[in-house]
Amino acid sequence: MCEGSLQNPPPISPDGRGRCGPLVSILLPTYNRCRYLPYALASAAGQTYRNLEIFVVNDGGHDVRDIVHSFNDPRIHLIDRRENRGKPHSLNEALGRARGKYIAYLDDDDVHYPHHVQVLVDALEGPTDCQVAYSDLYKTYCHVRSDGTREIRSKHVEISRDFDRFMMLYFNHVLHVSLMHRRDLLDRTGLYNEDLSILIDWDMTRRLAFFSDFHHTHVITGEFYSPLEESDRISVQRRKDSREYLRNVLAIRTTHPPKPWDKLDELSVILLVDRLDQSVAQTCGCLWRHTFYPYRLYLPLVPSDISRLNSEMPNVAPIAVDPRSSPAERVDVALQSVEGSYVAILPGTLPIEEMWVENPLHALIHTVPDREGFLLENAGPDRWGAVLKRVDLQRARSASPHLSVEASLTASGVRIRRPRQEELPFQFDTLLHQARMAEADGDWAVAARVFEHMAAHHHNELWMKSLAAGAHFDAGNHVEAGRLSRQVNQVRPTVETLLLEAKVRRRRRDFEAAIRLLQQAERGLRDSLPAPVRVPVTGSQGQYEN
Amino acid sequence: MDTVGTNEIEKRKRLQHYEVLRELGDCYTTVGNYAQAHRCYEKAASIGPDEPGPYVGLGAAALQTGRCEDAEIAFRVACRLDPNCAKAYTGLAMVAQQRKEYSASFDLYMKSLELDSDNITALLGLFQVSCEMASFAKVIYYLQVYLQMHPGDVSVMFALAALYFKDGRPEESLRMLQDLLALEPANKDARNLLEEVEHGLVRAG
């Protein structure tokens, strides 16, 4: 049964067989971008996948009614608000009316290619457990002329990162305009956080990652624009305020969706201190700033200290303990309350820095069998702290309650060690950084080797092969540049790799092939902006007259 | 950070479309499709107005279609945009050569080779003009320098052998031709010249 309304045109698939796909809601918030909105809206209305509802939300900006009505398309709905209340509010307003099985997003200055929705629907309706999918986009650098029109200078697939949950918790690597997810996932993540002024997209993708893997389809399905001059993007302007930026990052990291989480296990941090004093406040502040993995802090304190505790601190659970109790006894009391699958025993004297717990935790989650735990960063014999599985800790404490935590773990056969280099998170990002640095130093051959190694061992194959091809070319190794760019072009040609292969072909005096590749690259650069839709042509799919 | 690498990346952001059009123009020029080449170069010039490349291309396409005045204008624009553009001086030299202004052409080829001694078009142009002017010393020097960098380039080896012979240095010509034929035994022009040189040596003998 088709989910579309009677108003909507009958859903017709590109193969013309009339397959009825699920309804997709495209959300398009806009604010004072009347020049670009027609292009964005044309790209949404011109999708080959027809079973759509498109919500244009005017966030108190210039009047866009004429633009929207000029499309004369019953699938387009205008939410026309006079008051400027920000992007998250606009998205929530549209979500309140959306009925699609899936939600897709478009910004008012970006465009989707005609196959965007179809590609993502196919990904989500296919054999996958994922409830979220994303594609690749061109970052299109343009010169903005004095009359406001855009002159395209280059197109690059700058990010084509396979989904990595740990990275998603740390920072966003999925462009919102490339995203599609099931609408009912929002029942679990909650709506957009209207207290945020920037990083709104990451806040949502981060929360989605608590409940689903993301399917990455390596198809380029649209483009987002980056002026070579100063960007007018609101988010770019706001990111320049470092304090505001930090406030938003911290708010995102400390806000967790309601449990149960299907894809993530909470970390329980048991902080061992004697009394509530200034140093505890500092430690809590450090934890807040330097921990991106979702955690809940268990604070065993004497009752008089609990009454003095700031109750507004996020994710803190005070645990009443006897003033005369030992650290091990305090852990035992706290263990009766903790819910997370992983537990960090944190001595109050341990310096908290970036990755203090994520490094050992990543090793714990990804690489070890039961009965192994990992020392926290900066921990040592004089300030012992570790992260381990709750079941291992509970088993050890039950067996040897009279021993210290460390001794009880040893007694029950739980080995505590430091993580090895290859067990740490962000291996891919570390290598990528190294390769980028080599490129910046003009050491192209080294960069090429690193990119090729990453393509072979760290997923993200197409992306890394493209980068390796470019680095080989700059290093003068045209044979490898040609081989790799040809491989990429056979799967997913980009303007960049087409140009690269053409250069190599030209140097081999294969001019006909070079011309074909360059013509394809030129088409890719030239045909990006769809003509604004004016009047739909009856009976045609995705074809309009201007 | 301002390094070679980051500058290069920044340049790619700005000039990818320009580069596609310029490469395409160069390919069309090579296969003799000058109308398409002209279209590409004009578009490239509009995107990268400070780059001499498209004007060099426009000049080359104009030259190939016998439009010497258009070619000269385009090459002069390229020279103005980049006073060190060797290709632009080569183009101007070719324009002068077509007009049989050999002295001016000679000077322009020389200027081009001062900027880029690796420029094979300028080198062979200089060879042709030198033959017209019967003035060989300078071109011999440049051909020798070029061969040091590209030891197996038979076209330059042949030109140098011919110049040695014309300049009254048959022994050097003989050696050069023997080296050339060792690399390319079937080279007819070299064989004919070798026969001529050997004949001359016997007569001088």
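Residue numbers (my numbering), protein chains in the order written: chain A, 1 to 546; chain B, 1001 to 1205.
A virtual CB, placed ideally from N, CA and C, is assigned to each residue, including glycine.
- Query: Comparing alpha-carbon positions, which option in B:A1071, B:S1046, B:G1048, B:D1050 lies nearest B:G1057?
  - Reply: That would be B:A1071, whose Cα lies nearest to the Cα of B:G1057.
Below 7 Å between beta carbons is the criterion; list the residues of the segment 1158-1192 of chain B that meet it against any residue of chain A, in chain order. Flagged: no residues at all.
task = Could you name the residues of the segment 1021-1033 of chain B whose beta carbon sits closer than 9 Å to any beta carbon of chain A, in the order they occur along the chain?
result = Answer set for the segment 1021-1033 of chain B: L1021, E1023, L1024, D1026, C1027, Y1028, T1030, V1031, N1033.
Note to self: Let me see if you follow: with CB-CB separation under 8 Å, is A:R153 close to chain B or not?
What the structure shows: Yes, A:R153 lies at the interface with chain B (some Cβ there is under 8 Å from its Cβ).
Notebook entry, point to check: Taking Cβ positions, are B:L1113 and B:L1124 nearer each other than 8 Å?
Noted result: Annotated as distal: B:L1113 and B:L1124, with beta-carbon spacing of 8 Å or more.
Classification of A:H62 by the beta-carbon crowding that lies within 10 angstroms, buried from 16 upward: A:H62 comes out exposed.
- Query: With a Cβ-Cβ cutoff of 8 Å, do A:V28 and A:A40 count as a contact?
  - Reply: The amino acid at residue 28 of chain A is misidentified as Val; the sequence shows Leu. Taking the C-beta atoms as reference points, A:A40 is found nearer than 8 Å to A:L28.
inquiry  = So with CB distances below 9 Å, who are the chain A contacts of B:L1015?
reply    = Using a Cβ-Cβ cut-off of 9 Å, B:L1015 is close to R153, S154 of chain A, given in chain order.
Validate contact between the segment 179-192 of chain A and the segment 138-150 of chain A using beta carbons, cut 8 Å, 3 pairs: The segment 179-192 of chain A is not in contact with the segment 138-150 of chain A.
Checklist line | Within chain B, partners of A:K503 - CB distance below 8 Å | finding: Going along chain B in sequence order, the residues near A:K503 (Cβ under 8 Å) are E1023.
Practice task
Report yes or no: is there a C-beta of chain B within less than 8 Å of the C-beta of A:F511?
Solution key: Cβ-Cβ to chain B under 8 Å: yes for A:F511.
A:L517 to B:D1026 span [Cα, whole Å] = Distance between the alpha carbons of A:L517 and B:D1026 is about 14 Å.
Does the Cβ of B:E1051 have 16 or more other Cβ atoms within 10 Å, making it buried, or fewer, making it exposed?
B:E1051 comes out buried.
Below-8 Å beta-carbon distance, B:R1012 vs any chain A residue: Closer than 8 Å: yes.
inquiry  = Extract the residue ranges of the beta strand (DSSP E) inside the segment 216-294 of chain A, only unbroken runs of 3 or more that lie entirely within it.
reply    = Uninterrupted beta strand (DSSP E) stretches at least 3 residues long and entirely within the segment 216-294 of chain A occur at 267-272, given in chain order.
| B:V1154: which of B:A1186, B:A1134, B:F1136 sits nearest, CA to CA? | When only C-alpha atoms are compared, the closest one is B:A1186.
Q: Verify the CB distance criterion: does A:E223 have a CB-CB separation below 8 Å to chain B?
A: No, because no Cβ of chain B sits closer than 8 Å to the Cβ of A:E223.
Which complete alpha helix (DSSP H) runs does the segment 47-109 of chain A hold, if anything under 4 residues is left out?
Qualifying alpha helix (DSSP H) stretches, in chain order: 65-70, 87-97.
With a threshold of 16 other CB atoms inside 10 Å of the CB of A:M180, please say whether the residue is buried or exposed. A:M180 comes out buried.
Secondary structure of A:D527, DSSP reduced to three states: The three-state reading of DSSP puts A:D527 in coil, since its state is none of H, G, I, E or B.
Quick check: does the Cβ of B:K1166 come within less than 7 Å of any heavy atom belonging to the ligand NAP? As for the ligand NAP, it is missing from this structure, which has no ligand bound.
In the DSSP assignment, find the beta strand (DSSP E) that holds B:A1134 and state where it starts and stops. B:A1134: not part of any beta strand (DSSP E); DSSP gives it neither H nor E.
Nearest residue (CA-CA) to A:H112, options A:I220, A:R275, A:F211: When the alpha-carbon of A:H112 is set against those of A:I220, A:R275, A:F211, the nearest one is in A:I220.
Using the rule of at least 16 other Cβ atoms within 10 Å of the residue's Cβ for burial, across every protein chain shown, is A:A411 buried or exposed?
Its Cβ having fewer than 16 others within 10 Å, A:A411 is exposed.
Notebook entry, point to check: In the structure shown, what three-state DSSP assignment does A:D136 receive?
Noted result: In this structure, DSSP gives A:D136 an extended state, which the three-state scheme calls strand.
Just how far apart, CA to CA, sit A:P10 and A:R50? Because the pLDDT of A:P10 is 41, which lies under 50, any placement of that residue in the model is unreliable, and the question is left without a value.
Check your understanding: In terms of residue numbering, what span does the alpha helix (DSSP H) encompassing A:V450 cover?
Key -> 444-457 is the span of the alpha helix (DSSP H), which, as asked, contains A:V450.
Check: Straight-line CA distance for B:L1143 to B:K1166?
Finding: For B:L1143 and B:K1166, the distance between alpha carbons rounds to 15 Å.
Q) When the distance is taken between beta carbons, is A:L271 closer than 8 Å to A:G340? A) Inclusion of A:G340 and A:L271 in the CB contact set at 8 Å is not warranted, their separation being larger than that value.
Practice task
Tell me whether B:L1201 sits in a helix, a strand or coil according to DSSP, three-state version.
Solution key: It is helical.
key: Cutoff 8 Å: A:C20 Cβ touching any chain B Cβ   = Interface with chain B (8 Å Cβ-Cβ cutoff): A:C20 is excluded.
Straight-line gap, B:Q1016 to A:R207 (C-alpha atoms, nearest Å) = Their backbone Cα atoms lie some 37 Å apart in a straight line.
Got a sec: is the Cβ-Cβ distance from B:E1019 to anything in chain A below 8 Å? Yes, because at least one Cβ of chain A sits closer than 8 Å to the Cβ of B:E1019.
- Answer with buried or exposed for B:M1149, where buried requires no fewer than 16 other C-beta atoms within 10 angstroms of its C-beta. With fewer than 16 other Cβ atoms within 10 Å, it is exposed.
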